[in-house]
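In our numbering, each number is its position in the sequence shown, counted from 1, plus 696. Cβ coordinates follow ideal geometry from the N, Cα and C atoms, glycine included. Please read all numbers here as calculations on a predicted model, not as lab measurements. Okay, structure first, notes after.
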Amino acid sequence: QGELEHRRVKRFYARTNKKNATIQIARLDRRERALWHIRNKPENHRYPLRHSQRPRTAARLSPEEALDQHHIISRTVNSPVYLFPWLKQQHVGDPAIANFLPKLRNHLLVRLRNPDEADAGVVYSPSDLNEIIIVGDRIYSHATMRVNYTTYDMQ
């Protein structure tokens, strides 16, 4: 503890104006301890909790904690993809993008109306597909998706 405390005092000394440093270091120490106590009492939180202090939700669970879930995708909205510019500029002539929006709307509508029959190959009419509204004409790109599955490789 001695060396760590010495480093802490040196860090505080760098934050002083070097005149009457002892009093300034004591104030910094008291402030740091008060903040530490506030941070470590969850019932006293008036401000949003830091990322590391938030309760764990399904989107933040590690694979070991969420084995009962088929997949985990983050809920972040940090990487929006604006559909129309994305379709027009980057994927011209790509056969995988042919009729992308109707296929996307059909995919979403099937899963919203009949989640148990999602793989039945149901195709809805264009008037039904108009029920799906993509807010802001954007979807979100995610770097990671975790899928829980069981393998039976016995090698």
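Beta-carbon proximity check, residue i vs residue j, cutoff 8 angstroms
i	j	result
N810	L825	no
A722	Y709	no
V777	I835	yes
N844	Q785	no
S770	S837	no
D833	F780	yes
Burial state of residue i (16 or more Cβ within 10 Å)
i	result
I768	buried
R746	Any reading at R746 must be qualified, since the residue scores a pLDDT of 49, below 50, and its modelled position is unreliable; the value itself is stated next. Its Cβ having fewer than 16 others within 10 Å, R746 is exposed.
R711	exposed
Cβ-Cβ separation, residue j to residue i (assumed contact under 8 angstroms), whole Å
i	j	result
V818	V831	The Cβ separation is near 24 angstroms, so there is no contact.
L783	I793	6 angstroms
Residue from the options with nearest C-alpha to residue i
i	options	result
H702	D725, V788, K714	D725
P798	R729, S823, T846, P781	S823
R704	H733, D790, E728	E728
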